[in-house]
Every structure is written in C-alpha cells, then in structure tokens.
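Protein chains: 2
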Amino acid sequence: MNIGDVARRTGLPAKTIRYYEEIGLISPLRDENGYRRFRESDMHRLAFLGRARSLGFSIEDCRGLLELYGDRQRASADVKRIARGHLARIDEKLAELTAMRQALAHLVSCCAGDSRPDCPILDDLAGVGAAGSDDDRQ
Amino acid sequence: MNIGDVARRTGLPAKTIRYYEEIGLISPLRDENGYRRFRESDMHRLAFLGRARSLGFSIEDCRGLLELYGDRQRASADVKRIARGHLARIDEKLAELTAMRQALAHLVSCCAGDSRPDCPILDDLAGVGAAGSDDDRQ
DNA sequence: CTTGACCTTCCAGTAGATGGAAGCCTTATG
DNA sequence: CATAAGGCTTCCATCTACTGGAAGGTCAAG
C-alpha cells in the first residue's frame, strides 16, 4: 500500500504519516522507486496513533503506548499510569479553561456591546477596580 | 525603568517582554547605552497584556484589544466581538476536553492496572471491538 | 581592578503538524 | 510515443507563544 491509500484508510493526512515516520513512530518499507510501502502492521500502528491522538495523548505518550502495545510482557499498570497522567493533565486544563470561561463570560455579559466606548472588558483588562482606591484612576 | 524592574512589577519574564516588543505589542524607548527604557504607558500595556493572556486571549486578539484600548472612538461592540469569539473557542475546547476526559476516565476505570498484560485501554486504542466481528483479531 | 548583576542581540528549540516548491514516477489517453 | 494528470519524494518554511543559552557590553560596589 502506498501512502495515499493508507491516508484514506486511516483518515490521517499523508503529511502526518510522513511526520510520524520521521519521528520514528512507524517504519514502513520502501519500494525500489523510493515510495513507502505500508504493511498491515503499519496500518495498525497508524490507526492506534490516530485514536490515541484523538484522545489527546501526547506524541511521547503515544510512543510509550505503542511500545507497550507491542510488548506481550507488558503490565497493564504501565498503560494505566500513562493514561492517568494524561487524565490529570486534562483535568488541569479543564480547570484552567473553566476559570477563564467563567471570568470571560462575566465580562462579556457586562459589556453593552454598542457604539459607545465604555467597556467593562477593557476596564478589567486595564486593571480598573483591580487593586485599590480612587487613586488608581489614570 | 529598566526591563528587570518592569518584569518584577508586571510579573512577566524579561524574555517575554522583549518578545512583545519584537512582535510590535510595545515600543519602549532606548537609553544611550542601548537599554530599554519603559514609560508608565508601557507598563500599563504590559499589565494589560498579562491579564488578557491570562484570560487566554491570543496574541492577535491582544493586539486588537490593545488597539481598542487606546482608541477613545472605539465601540464596545468591537471589544465584545473579540471576547465573544474567544469565549466560543474556549467552549469548543472545553467540549473537546470534556469528551476526551469522559472517554479516558472510562477506559482508566476499566483497566486493572496490575502486572498482567490484558488492558482495555490498549484494546480500545487498537480498535478492538470498534467495528466488527471476530475476524478483526490480528 | 575585579566581581557580579544587569543588559544586549542572535540563534535554536519546544509540539505537532501543515503548506509549498522542485522534481521524479506512474498511468491513462490521444 | 508523447504528454498530461496525479501521486510520490525530499527539503525548507511556517504556525503559537514563548523559553533557553551563548557571547558580549554596562554599571555599581568594594
């Protein structure tokens, strides 16, 4: 199979597949004309990568997961550790985004959004009312 | 004020401040020895940037916001549009992360996490049970 | 005069691709 | 057989928003 077929079958862009080869996640064979030739096992790894990436695993996580995937002596504890680490990072990100969302939604709801210049969003960003007394007015 | 003072007062790393100058977000003066000399207005812009960035606004959003900040003829509608756009991006990201989190938490809860190789996480990533019959076994 | 804390510029690297140029290979068609 | 379309190759640049580090100038204290 050539890269185009693999791209269609895995849903991954050919560019991405080449990139994954470049960083050592897959190692397809080569035909005499230089074209990459993908085996079924390459397809499997790429499909695996596609799913792992869609769950947000980092490339380095994916590398570890692929290694465990191919290791029959693996301990599921190692897989779980990677997944839990990723889950923790997701939770951090969610907390951060949720806080942003809350602050931002509040500001947006306070802004008239008309043709006048007065804007609580800019006031907040400029620090108006942030830390002090009347002296803070510029 | 030199960059070190500004860094201390805004909480932004000096590197970041130099970077903001490089991309045209601020334009501090220069002393004869080549050192950057920051006015109060530079401080204000940097503080503004720090807050906008902490709310997750992109650099380009920040550029637009700063321009509106300095424009007394602005319409708050323009500010609100930027903020709403950002809010929409946050909501997208939150939806994506929430979906990831849910799928991942489920997988993690299914995994024994012991010394045996059987692992529902890897099974899922490998597509086991995804779309088919027994023939899918490799 | 030296030491150490600042400051400068410039270059490289991060994550994870993606876009595009230049050029070879293959296949279908006239 | 020529040619044109489409597929493949490599290489380099670009994106976001910094961050790290090297090499070297500046300044105040002792």
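Residue numbers (the working numbering), protein chains in the order written: chain A, 1 to 138; chain B, 1001 to 1138. For glycine and all other residues, C-beta sits at the position ideal for the given N, C-alpha and C.
| query | From this set, 1052(B), 1110(B), 1104(B), 1077(B), which residue's C-alpha is nearest residue 76(A)'s C-alpha? | reply | 1110(B)
| task | To the nearest angstrom, report how far apart residue 1012(B) and residue 1006(B) are at their CA atoms. | result | Spanning the two alpha carbons is a distance of roughly 8 Å.
| field | Residues near residue 134(A) in its chain [Cβ-Cβ closer than 6 Å; skip 5 each side] | value | With a pLDDT of 42 at residue 134(A), under the threshold of 50, the modelled position of this residue cannot be trusted, and the question is left open.
| said: Going by C-alpha to C-alpha distance, which of 1113(B), 1098(B), 1045(B) sits closest to residue 1059(B)? | reply: 1045(B)
| query | Residues of chain A with CB under 9 Å from residue 1065(B), in chain order? | reply | 121, 122, 125
| task | Grab the span of the alpha helix (DSSP H) containing residue 49(A) for me, first residue to last. | result | Start and end: 40-54.
| field | Burial state of residue 128(A) (16 or more Cβ within 10 Å) | value | exposed
| task | Starting from the beta carbon of residue 108(A), find every residue of chain B whose beta carbon is closer than 8 Å, and list them in chain order. | result | 1080, 1083, 1084, 1087
| message | Please confirm whether residue 100(A) has its beta-carbon closer than 8 Å to some beta-carbon of chain B. | response | yes
| request: Could you tell me whether the segment 26-36 of chain A touches the segment 51-65 of chain A, using the rule of 3 or more Cβ pairs below 8 Å? | output: no
| In whole angstroms, what is the alpha-carbon distance linking residue 54(A) and residue 9(A)? | 16 Å
| field | residue 30(A), DSSP secondary structure in three states | value | strand
| message | I want to see whether chain A comes within less than 8 Å of residue 958(B), judged by CB atoms only; does it? | response | No answer is possible for residue 958(B): it lies beyond the span of chain B, which begins at 1001 and ends at 1138.
| In chain order, what residues of the same chain lie with their CB nearer than 6 Å to the CB of residue 57(A), ignoring the 5 residues before and after it? | 86
| What are the start and end residues of the alpha helix (DSSP H) that includes residue 76(A)? | Its alpha helix (DSSP H) spans residues 76-110.
| Closer than 8 Å to chain B by CB, residue 114(A) | yes
| Who are the neighbours of residue 1056(B) on chain A, taking C-beta pairs under 7 Å? | 100
| message | Our contact map puts residue 1083(B) next to residue 121(A) with C-beta atoms below 8 Å; I'd like the distance itself, whole angstroms only. | response | 5 Å
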